[in-house]
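Novice:
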Amino acid sequence: MGIDEAVAESVSKGRAPPTIRFWRWKPSAVSIGYFQSMNDEIDLNKCKELRVDAVRRITGGGAVYHDYEGEITYSVIASEENLPKGITESYVEICGWIVKGLSHLGIQSEFKPVNDIIANGKKISGNAQTRRFGVVLQHGTILYDLDVRKMFSVLKVGADKISDKMIQAVEERVTRVKNFGVYSRDDTYRALLKGFTEGKKFDMGALTEREIARAKELAETKYSTEQWNFMR
Amino acid sequence: MEVDFSDKVDFIKITGDFFMHPETVIDDIEKSLLSMSASSNENEIKDRIDRVLNQNNVTLYGVTSADIARVAKTALSGGQQ
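Residue numbers (this note's numbering), protein chains in the order written: chain A, 203 to 434; chain B, 2 to 82.
(1) Look up Asn317 (chain A) in the DSSP assignment and say whether it is helix, strand or coil.
(2) In the DSSP output, what is Ala280 (chain A) paired with across the bridge?
(3) When the Cα of Ser33 (chain B) is compared with those of B:Ala70, B:Met21, B:Leu61, which residue comes out closest?
(4) How far does the beta strand (DSSP E) with Trp225 (chain A) in it extend, from its first residue to its last?
(5) Quick one, which residues of the stretch 15 to 44 of chain B are near chain A if we go by CB-CB under 8 Å, in chain order?
(6) I want to verify the contact list: residues of chain A whose CB lies under 7 Å from the CB of Gly63 (chain B), in sequence order.
(7) Is there a C-beta anywhere in chain B that falls below 9 Å from the one on Ile260 (chain A)?
(8) Going by the CB atoms, is the gap between Ala73 (chain B) and Ile13 (chain B) shorter than 9 Å?
(9) Which residues bound the beta strand (DSSP E) around Ala265 (chain A)?
(10) Taking Tyr391 (chain A) as the query, report the chain B residues whose CB atoms sit under 7 Å from its CB, ordered along the chain.
(11) Give the interface partners of Thr427 (chain A) over in chain B, defined as CB-CB distance under 8 Å, in chain order.
(12) Compute the minimum distance between the beta carbon of Met353 (chain A) and the heavy atoms of the ligand HEM, and state whether it is under 8 Å.
(13) Using a Cβ-Cβ cut-off of 9 Å, state whether Thr343 (chain A) counts as contacting chain D.
(14) Can the beta-carbon of Ala330 (chain A) be found closer than 9 Å to that of Arg259 (chain A)?
(15) Measuring alpha carbon to alpha carbon, tell me which residue in A:Leu304, A:Thr410, A:Leu395 is nearest Phe382 (chain A).
(16) Taking 6 Å as the limit between beta carbons, can you name the residues of its chain near Glu45 (chain B), skipping five residues before and five after?
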């Protein structure tokens, strides 16, 4: 979260170009939307037991379990001028890059408002966006594999309620890249990278020292604090 | 949504799975509903929310001011939120 905000500040101040990041959560974590309550959404004792982090996002939307092995996360951070002005239109644009990426794996998918991508009628990607200081920040996940039982154990569903029926109900609504064929994480990343960058001039780059320092500062002073994580 | 009230709203915290840009305006919306009569109807609550949204050039996504007003009214009526 700190890196996304640090890069958004860089882009806002003209110190960084429009940026696309692919990354993963280490350790696995649950993120909640800006307007959600940590205590309402997450079983914090279970998170502690399973060494799963918990953090509030700067974007709205719902609680998401981010498994280290189970998903690929991306962030797009760009000036508002580089993307369609309307919120739906900008979701369509960026999510279109995911759709293209998945098509390189032979997976047909489509954007489904408000903020999902579906394949074979099931959700394969969730996305969230915020706008501040003239910058659009959209991040999201593409499900590569999914441990539904673990996901339910850290979200406030109640361990006693995690039934096979409930798990089956999620399996009927959610899918993952691995359901479509034998693709490695690296295959998936490369397909997505192609989808995101096709038709664009780009350089592969690294975070600047200033961004790394700022991200660490934000991690310490914001994203790891009770004040931020329990503000709702 | 969490609400404390007697005749008037003493405390309100709006939570949920939705989008609002800029996000921090949620604090102003909550402030605008404080001291409101607990018997306010949905339209009165919606008007207060809309005033803050318009003043701050806010975009709601995935939810409307009417949705928030409806949930607030349900909470003030002692129903499930």
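Virtual Cβ for every residue (Gly too), placed ideally from N, Cα, C.
Specialist: On the basis of the supplied data:
(1) coil
(2) A:Val338
(3) B:Ala70
(4) 221 to 225
(5) Ile15, Thr16, Gly17, Asp18, Phe19, Phe20, Met21, His22, Pro23, Glu24, Ile27
(6) Val316
(7) yes
(8) yes
(9) Segment: none, Ala265 (chain A) is in no beta strand (DSSP E) and carries neither H nor E.
(10) Within chain B, no residue comes near Tyr391 (chain A); the closest Cβ sits about 27 Å away, beyond 7 Å.
(11) The contacting residues do not exist; Thr427 (chain A) stays about 17 Å from chain B at best.
(12) The ligand HEM is not among the ligands present in this structure, which contains no ligands whatsoever.
(13) The structure shown contains no chain D; its protein chains are A and B.
(14) yes
(15) A:Leu304
(16) none
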